[in-house]
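A.B. asks:
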Amino acid sequence: MRIAAFVLLLAAAIPFAQAADWKMDPPASRLEFVASFEKTAAPGVFKDFDARIRFDAGKPEGGQIDVTIRTASADMSSADINKAIGGPEWFDFARYPQAAFHAAEIRRVDGNRFVARGTLSLKGVQQAVEVPFVWTDAADAATMEGELTLQRAAFGIGTGEWTATNVIGADVKIRFRLKLRKAG
Amino acid sequence: MLRNDTDSWGTPAKFFHWVMAALILAQIALGLVAGNWPLSPLKLTLFVWHKSLGMLILALAALRIGWRLGNLAPALPDGTAPWERRAAQASHFLLYALMISLPLSGWVVNSAANVPFQIFWAIPLPAIVAPDKATADLAALAHLSLFILLSAVLVAHIGAALRHHFVKRNDVLARMLPGLGR
């Protein structure tokens, strides 16, 4: 009788206790950045990135986000620009092939809007970053999307005379839309 | 005097001639400097100027050709040899063709290279071809070849004008000068 009650309690508790693990569906997911060039929007994407997420919208505090990005997969749809941004003054693909975002502090703003506070590692710089996102899930699939603005100077993206912001703007907008499937 | 007549150019024709002469010379200088400048913010800014002037020249060239077709051109002096008349006609035709084809080929380069660009930092320029490295390289070669042709025709044009003035001592050069129309 006591055991039965315990099992029942356990069964009821499982949906709350178990923060789900999510895997990203790469072809359906996008990670974009929008720089500005001579006051004109200059959009790009990272083609190669991955996200592993542990998240339960009912219990965001237990969540965790790990994103890795292959910097050399940056594509600004121009052969000339793609070549230039790999250089040491920009992303420096050779020395910093990978960027990452790790967050283990997630809180609800309201409804399905959340904020993940974590660390962005980019070009050897680690900086605390708050990433707002909207989470929608249904059964085994979820979508996580959001937008934030970073200062390229904080990460040494554009050094030397490129630190001037009149030609290449200071702000870079990041937009992401991740399609996730429940793992395991 | 607005319209051209058989022996003089009207004010609009002179305006087009000298404004575009100044723009084209500035454009040549900008193109050479921007093309050879090491990659830097200044290079990108020089290119915005070059591309913006190019689009201005293209618009002015279209207006100018329209004006030229709707007007007669002053006659060449009596005694101009048939070969000189043919050379004048051919070089003027080439100059008009180059005023259109040089900016157009530059526009193709910009579109194919897919570099974000707004004319004078204000007006977005639509792409006329899809982004493609091979197209960009080909159009850049065409742009350079047309520039070399333009340089040759300009030398002939300026040389001929000076020859009319100083050797043949006629008014072909003088009648294009502002305020010196007959």
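As given, the protein sequences belong to chains A and B, one line each in that order.
Residues in the first sequence are numbered consecutively from 1, following our numbering.
Residues in the second sequence are numbered consecutively from 1001, following our numbering.
All C-beta atoms in this analysis are idealised placements derived from N, C-alpha and C, irrespective of residue type, glycine included.
Here the structure is a predicted model, which is why all the values come from computation and not from measurement.
What residue does the alpha helix (DSSP H) around F1147 of chain B start on, and which one ends it?
C.D. replies: Where F1147 of chain B is concerned, the enclosing alpha helix (DSSP H) stretches over 1133 to 1162.
A.B. asks: Helix, strand or coil for F93 of chain A? Go by DSSP, reduced to three states.
C.D. replies: Residue state, collapsed to three classes: coil.
A.B. asks: By the criterion of Cβ-Cβ separation under 8 Å, what are the contact partners of A42 of chain A in chain B?
C.D. replies: P1116, listed in chain order.
A.B. asks: Whose C-alpha, out of A:A72, A:Q151, A:Q98, is nearest the C-alpha of A170 of chain A?
C.D. replies: Comparing Cα-Cα distances from A170 of chain A to each of A:A72, A:Q151, A:Q98, the minimum goes to A:Q151.
A.B. asks: Do L148 of chain A and I106 of chain A have their C-beta atoms closer together than 9 Å?
C.D. replies: No, the pair does not count as a contact, with Cβ atoms beyond the cut-off.
A.B. asks: Would you identify the three-state DSSP class for M1 of chain A, choosing helix, strand or coil?
C.D. replies: Confidence in M1 of chain A is poor, its pLDDT being 49 and thus under 50, which makes the residue's placement unreliable; the coordinate value appears in the next sentence. It is coil, neither helix nor strand.
A.B. asks: Measuring CA to CA, which of A:S78, A:P27, A:D21, A:Q64 is closest to A1113 of chain B?
C.D. replies: The option with the nearest alpha carbon to A1113 of chain B is A:S78.
A.B. asks: When the Cα atoms are used, what is the spatial distance from V131 of chain A to A104 of chain A?
C.D. replies: Computed Cα separation, rounded: 12 Å.
A.B. asks: Looking at the unbroken beta strand (DSSP E) that takes in S36 of chain A, where does it start and where does it end?
C.D. replies: That run of the beta strand (DSSP E) goes 30 to 37.
A.B. asks: Exposed or buried, what is M1099 of chain B when buried is set at 16 or more other beta-carbons lying within 10 Å of its beta-carbon?
C.D. replies: Counting Cβ neighbours within 10 Å, M1099 of chain B comes out buried, since at least 16 surround it.
A.B. asks: Is F37 of chain A closer than 9 Å to V1153 of chain B when the C-beta atoms are compared?
C.D. replies: It is not a contact, given that the beta carbons lie outside the stated cut-off.
A.B. asks: Beta carbons nearer than 8 Å to chain A: which residues of the segment 1123 to 1147 of chain B have them?
C.D. replies: Here the close residues are P1124, P1131, K1133, A1136.
A.B. asks: Note the first and the last residue of the continuous alpha helix (DSSP H) segment covering M185 of chain A.
C.D. replies: Not covered by the structure: residue 185 of chain A. The range shown for chain A is 1 to 184.
A.B. asks: May I have the straight-line CA-CA distance separating L1042 of chain B from G58 of chain A, to the nearest angstrom?
C.D. replies: The straight-line gap from Cα to Cα measures roughly 53 Å.
A.B. asks: Between the segment 153 to 169 of chain A and the segment 30 to 50 of chain A, do three or more beta carbon pairs fall short of 8 Å?
C.D. replies: The segment 153 to 169 of chain A is in contact with the segment 30 to 50 of chain A.
A.B. asks: Quick one: measure Cβ to Cβ for M1020 of chain B and L1046 of chain B, integer angstroms, because I've assumed they're closer than 8 Å.
C.D. replies: Actually they do not touch by this definition, with Cβ atoms about 20 Å apart.
A.B. asks: Output the distance between the C-alpha atoms of Y1096 of chain B and I1057 of chain B, rounded to the nearest integer angstrom.
C.D. replies: Between Y1096 of chain B and I1057 of chain B, the C-alpha separation is close to 11 Å.
A.B. asks: Which bits of chain A does Q1052 of chain B rub up against, with CB to CB less than 9 Å?
C.D. replies: Here the sequence assigns Ser to residue 1052 of chain B, which means Gln is not the residue at that position. Under the 9 Å cutoff, chain A gives no residues; its nearest Cβ is about 10 Å from S1052 of chain B.
A.B. asks: Residues of chain A with CB closer than 8 Å to the CB of V1048 of chain B, please, in chain order.
C.D. replies: Simply E38.
A.B. asks: Going straight from the alpha carbon of A1090 of chain B to that of G1079 of chain B, what length do you get?
C.D. replies: Approximately 19 Å between the Cα atoms of the pair.
A.B. asks: Beta carbons nearer than 8 Å to chain A: which residues of the segment 1064 to 1090 of chain B have them?
C.D. replies: Correct list: empty, as no residue qualifies.
A.B. asks: Cβ of D48 of chain A within 9 Å of Cβ of A84 of chain A?
C.D. replies: No, they are not a contact pair.
A.B. asks: Helix, strand or coil: how does DSSP classify A1174 of chain B here?
C.D. replies: Helix.
A.B. asks: By the DSSP assignment, the beta strand (DSSP E) with F1093 of chain B in it spans what residues?
C.D. replies: That residue, F1093 of chain B, is in no beta strand (DSSP E); its alpha helix (DSSP H) goes 1082 to 1113.
A.B. asks: DSSP three-state call for A74 of chain A: helix, strand or coil?
C.D. replies: In the structure shown, A74 of chain A sits in a strand (DSSP, three-state: E or B).
A.B. asks: Under the three-state reduction of DSSP, which class applies to R1003 of chain B: helix, strand or coil?
C.D. replies: R1003 of chain B: coil per DSSP, three-state reduction.
A.B. asks: With respect to the alpha helix (DSSP H) encompassing S1052 of chain B, which residues constitute its N-terminal and C-terminal limits?
C.D. replies: Note, S1052 of chain B: alpha helix (DSSP H), 1041 to 1069.
A.B. asks: Among residues of its own chain, excluding the 5 on either side of H1017 of chain B, which ones have a beta-carbon nearer than 8 Å to its beta-carbon?
C.D. replies: Once the five neighbours on either side are set aside, the close Cβ partners of H1017 of chain B are W1009, M1176.
A.B. asks: Count the other CB atoms, across all protein chains shown, that sit within 10 Å of the CB of P1074 of chain B; report buried if there are 16 or more and exposed otherwise.
C.D. replies: Result: buried.
A.B. asks: Hey, how far is the Cα of R52 of chain A from the Cα of E89 of chain A?
C.D. replies: Each residue's Cα considered, the two are about 30 Å apart.
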